[in-house]
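In the numbering used here, the protein residues as written are 24 to 329. Everything on this sheet refers to the single structure shown next.
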Ligand code: DON
């Protein structure tokens, strides 16, 4: 495995087109696009890495996997009253489907869906309290107490978050919100701004590769049935309108973030985190996707066969 990740990192280093760093959140535009990291966490607890695997990056939409997991724990099946579970075929920040579908987002991974999930998990608490709970959950999954929110990124998102604010107010106009829109948005912006490295992220995803059980901490995080369902949502919706292309090229459940990270799950085999800040036109990491494509070619780990 070490040889495989080293080979992938050296191939990625030689690529000239590394994609374009997100700039609609100004703080993300400051990141050096030449960076690449990969970590592969195996169910026996070992982690193999190459590239800058201890460099922190903004996990952005990958955090939506963790808030969905928390929401399922708190609300169970009632989560599906708030969001659907169908691919959207639209960009992550699209508003068009919301009107036709009466303010109920297609799935928990488009921005509108993750904002609805943030509302659902606040449950009358202060945003600070729920953020502490989200952060504690991520630290527990990664078995690393050092994980924190990057306040500069959160502030940057807040200052430029007109589109997300529009989505939130539009949903609230259908009477669907239980909390003030500002509290929901504050929670959402801050959980997107959690900073992690690929070692922490691959470890945090391990429960999804291991039937809901985290082999490093020894704790069961979710039932095997729930892990299977979260993986299926990642496969169908984790890359927005690029989900079909990601399934075609990589063939694994995956969740991307505009910080350039991707968490991919090879059920029963591994949890993989890649990071390279340059994005493709849809907003998913360009080299990250190429690296995962190479990894599944080398390992035969695609869920669709070798
Ligand atoms: O709300 C946003 O636009 C960002 N905080 C998250 C979007 C994102 O990561 C889309 N993923 N590729």
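Even for Gly, the Cβ is constructed at its ideal location relative to N, Cα and C.
Asked	Found
Start and end of the beta strand (DSSP E) containing residue 293?	293-298
With a 10 Å radius around its C-beta and 16 neighbouring C-beta atoms as the bar for buried, classify residue 97 as buried or exposed.	exposed
Considering only C-alpha positions, which residue in the set 267, 265, 229 is nearest to residue 69?	229
Helix, strand or coil: which one does DSSP assign to residue 80?	strand
State the start and end residues of the unbroken beta strand (DSSP E) segment that holds residue 139.	Per DSSP, residue 139 belongs to no beta strand (DSSP E); it is in the alpha helix (DSSP H), 134-145.
Need the endpoints of the alpha helix (DSSP H) that residue 96 sits in, please.	86-98
Does the Cβ-Cβ distance between residue 79 and residue 225 come in under 8 Å?	no
Hey, would you say the C-beta of residue 130 is under 7 Å away from at least one heavy atom of ligand 1?	no
Please report how far the alpha carbon of residue 87 lies from the alpha carbon of residue 132, in whole angstroms.	6 Å
Under 7 Å from any heavy atom of ligand 1, does the C-beta of residue 215 make it?	yes
Any heavy atom of ligand 1 within a distance shorter than 7 Å of the CB on residue 281?	yes
Given a threshold of 16 other Cβ atoms within 10 Å of its Cβ, counted over all protein chains shown, does residue 242 qualify as buried or as exposed?	exposed
If I measure Cβ to Cβ from residue 259 and keep anything under 7 Å in the same chain, skipping five residues before and after, which residues do I get?	110, 266
Using only alpha-carbon positions, find the residue among 276, 264, 181, 301 that is nearest to residue 255.	276
Closest to residue 105 by C-alpha separation, out of 144, 61, 53, 274, would be which residue?	144
Do residue 279 and residue 308 have their CB atoms nearer than 8 Å?	yes
Excluding sequence positions up to five away, which residues of its chain have a Cβ less than 7 Å from the Cβ of residue 237?	164, 229, 230, 244
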